[in-house]
Structure formats: C-alpha cells, structure tokens
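In the working numbering, the protein residues as written are 146 to 286.
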C-alpha cells in the first residue's frame with residue numbers, strides 16, 4: 146500500500162509541472178505566456194453566443210488584421226503585465242482598447258473573455274503560426 150501511495154505521489158509530482166507549463170490548468174495565461182503565444186499567430190474562431198465567424202492575425206510585432214461580420218480592420222495588440230491582450234483598431238483611431246484575458250481550451254485553441262464588461266466570448270477553432278498576415282480579402286474561414 147505504501148508503495149502504491151509513493152508511486153501515485155511521484156506520478157502526480159511529475160505531471161503537475163508539465164500541466165502547468167502546457168497551460169492546461171484552465172487559468173488565464175500569464176503575460177509571458179501570452180506574449181509567446183499571441184505575437185505571431187493567425188486565429189480563426191467563433192463568437193459566442195452569436196455564432197459569428199471571426200479571424201485575427203497578429204504579426205510578431207503586434208500589428209493585427211481582423212475580420213468580423215464581413216468587416217475588416219487593422220489594429221495593434223499590446224499585452225499588459227497582467228496578461229490581458231488589449232486590441233486597438235485603425236477604424237477607431239487606435240483609441241478605445243478592447244482588452245481580453247485568454248484561457249487555453251486545448252493544446253492549440255483559446256477562449257478570450259472581456260475584462261471591459263463586453264458580452265460574449267471569442268473561442269478559437271483553428272490557430273497557426275504567422276510571420277506576416279494575409280491580405281484584406283482573405284477568407285475568414
């Protein structure tokens with residue numbers, strides 16, 4: 146019995162850091178994690194509860210290309226020290242940042258929850274690495 150308890154404790158100790166490092170804890174991503182993941186990513190997903198498709202590509206320097214509800218906008222991403230991803234867009238003169246905290250929902254997908262009180266969430270269904278973002282007329286799905 147002691148041996149079984151020891152083995153289980155050893156397995157738990159070995160797995161816990163791996164789960165924390167992979168972000169599988171359900172907690173919001175830290176600022177270093179968010180910077181590593183979201184600078185240089187092309188994401189597609191669904192807005193909930195509307196079900197509308199969206200796409201956002203973020204260059205490694207933080208420049209963004211955003212498609213939602215048939216509209217396109219260019220923007221910038223800044224990641225705060227608390228890990229919030231704050232987006233501002235050209236159509237609004239880069240004012241009125243919208244900030245979101247991200248949670249990992251699978252190895253490559255994320256859930257964005259507003260810190261500004263916006264209703265709804267954005268959930269990725271597809272992500273891939275991006276060094277540059279596609280042109281304005283690229284499809285959202």
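For every residue, glycine included, the Cβ atom is placed at its ideal position computed from N, Cα and C.
1. Report all residues from its chain with a CB closer than 7 Å to the CB of residue 194; omit the five preceding and five following residues, and keep chain order.
2. Taking only three categories from DSSP, how would you classify residue 258?
3. Would a C-beta distance cut-off of 8 Å place residue 221 and residue 209 closer than the cut-off?
4. Give the range of the alpha helix (DSSP H) segment to which residue 243 is assigned.
5. Look up residue 180 in the DSSP assignment and say whether it is helix, strand or coil.
6. Buried or exposed for residue 171, please, with buried defined as at least 16 other CB atoms from any protein chain shown within 10 angstroms of its CB.
7. Whose C-alpha, out of 279, 247, 242, 274, is nearest the C-alpha of residue 261?
8. At which residues does the beta strand (DSSP E) containing residue 216 begin and terminate?
9. Could you give the DSSP three-state label for residue 235: helix, strand or coil?
10. Buried or exposed: where does residue 256 fall if 16 or more other Cβ atoms within 10 Å of its Cβ makes it buried?
11. Note the first and the last residue of the continuous beta strand (DSSP E) segment covering residue 210.
On the basis of the coordinates in this document:
1. Taken in chain order, the residues that qualify are 265.
2. Residue state, collapsed to three classes: strand.
3. By the CB criterion at 8 Å, residue 221 and residue 209 fall inside the cutoff.
4. Premise fails: residue 243 lies in the beta strand (DSSP E), 243 to 249, not in any alpha helix (DSSP H).
5. Three-state DSSP puts residue 180 in a helix.
6. Around the beta-carbon of residue 171, fewer than 16 other beta-carbon atoms lie within 10 Å, marking it exposed.
7. Proximity to residue 261 across 279, 247, 242, 274 peaks at 242, based on C-alpha coordinates.
8. Residue 216 -> beta strand (DSSP E) spans 216 to 224.
9. Residue 235: helix per DSSP, three-state reduction.
10. Here residue 256 is buried: its Cβ has 16 or more other Cβ atoms, across all protein chains shown, within 10 Å.
11. Unbroken beta strand (DSSP E) run through residue 210: 208 to 213.
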